[in-house]
Amino acid sequence: MQLTGEKILAAPPEAVWTALIDPVFLKALIPGCQEMSGSPEAGYDIVVERGVGGMTARMTGRFDLREVQPGQGCLLVGGGSGGAVGQARGKARIRLSPEGRGTRLAWDIAAELEGKLAGIPQFVVNMAARKVADGFVERFAAALERRPVQTKGWLGRIVPR
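Take the position in the sequence shown, starting the count at 1, then add 2; the result is the number in the working numbering.
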């Protein structure tokens, strides 16, 4: 699975970077996130429960930051296991650049699924991944800008489970 995108945020790159590496800030914005801890230096541990393609998985994983350039971006590398449901691993290139008084947040994600997860049709996985990524970025932007989120449907929920 490949996924790319970008969004202009109404916050300076330093503020966006600080939020991107804060596990407490991120936990509340990641759909289904039950636990998240760690630091940029030590890596992050995460537990997420999500459903896709008629399956629900409790994924326990870890990701590390590499090629870190504070205020400019990094490479996230990690993966997780959902037991009998399968595993996922991937990487995401995150780039931050000044844009007027705000920041352009850009991302390129590559992920691979194994086990039962790999049996889900690719278009379903891509659609779910796009919805999760877009929803996360909208919630992230709203939290940074301290404004309410305008939502439609289940994807836009800002309250974590």
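The C-beta atom is built at its ideal place from N, Cα and C for all residues, glycine as well.
Sequence-distant residues of its chain with Cβ nearer than 6 angstroms to residue i (five each side left out)
{"i": "LYS9", "result": "LEU107 and VAL139"}
{"i": "GLN4", "result": "ALA112"}
{"i": "ILE23", "result": "PRO42"}
{"i": "GLY155", "result": "Note that GLY155 scores 41 on pLDDT, short of 50, meaning its location in the model is unreliable; the coordinates nonetheless yield the value given after this. Once the five neighbours on either side are set aside, GLY155 has no close Cβ partner at all."}
{"i": "VAL49", "result": "GLN36, GLU37 and THR62"}
{"i": "GLU114", "result": "ARG91"}
{"i": "PHE27", "result": "ALA21"}
Proximity below 8 angstroms, CB of residue i to CB of residue j
{"i": "GLY82", "j": "THR62", "result": "yes"}
{"i": "GLY88", "j": "GLU51", "result": "no"}
{"i": "ASP110", "j": "ALA94", "result": "yes"}
{"i": "GLY45", "j": "ARG60", "result": "no"}
{"i": "ALA13", "j": "LEU146", "result": "yes"}
{"i": "GLY137", "j": "PRO33", "result": "yes"}
Residue i versus the options, residue with shortest Cα-Cα distance
{"i": "GLY92", "options": "VAL79, GLY102, GLY104 and PRO15", "result": "VAL79"}
{"i": "LYS118", "options": "ILE32, GLY53, PRO33 and GLY7", "result": "GLY53"}
{"i": "GLY56", "options": "VAL127, LYS133, ARG141 and ARG148", "result": "VAL127"}
{"i": "ILE96", "options": "GLU69, ARG132, PHE27 and ALA86", "result": "GLU69"}
{"i": "THR6", "options": "GLY84, LYS133 and ARG148", "result": "LYS133"}
Proximal residues to residue i (C-beta, below 8 angstroms), its chain only, five neighbours per side dropped
{"i": "PRO15", "result": "GLY73, GLN74, LEU98, SER99, PRO100 and THR105"}
Bridge-paired residues (DSSP) for residue i
{"i": "PRO100", "result": "THR105"}
{"i": "ALA59", "result": "ARG52"}
{"i": "GLY45", "result": "SER41"}
{"i": "THR6", "result": "ASP110"}
{"i": "GLU116", "result": "GLN89"}
{"i": "LEU77", "result": "ARG68 and ARG95"}
{"i": "GLY84", "result": "Partner(s): none; GLY84 has no beta bridge."}
{"i": "LEU11", "result": "THR105"}
Residues near residue i by beta carbon distance below 7 angstroms, same chain, minus five either side
{"i": "PRO25", "result": "MET38, SER39, GLY40 and TYR46"}
{"i": "LEU11", "result": "VAL18, GLY104, THR105, LEU107, ALA143 and LEU146"}
{"i": "ARG148", "result": "none"}
- Message: Does the segment 113-128 come into contact with the segment 37-51, if we say contact requires no fewer than three beta-carbon pairs (one atom in each stretch) closer than 8 angstroms?
- Response: Segments in contact, no.
- Evaluate the contact criterion for the segment 14-23 versus the segment 66-83: three or more CB pairs, one atom per stretch, below 8 angstroms. Touching, yes.
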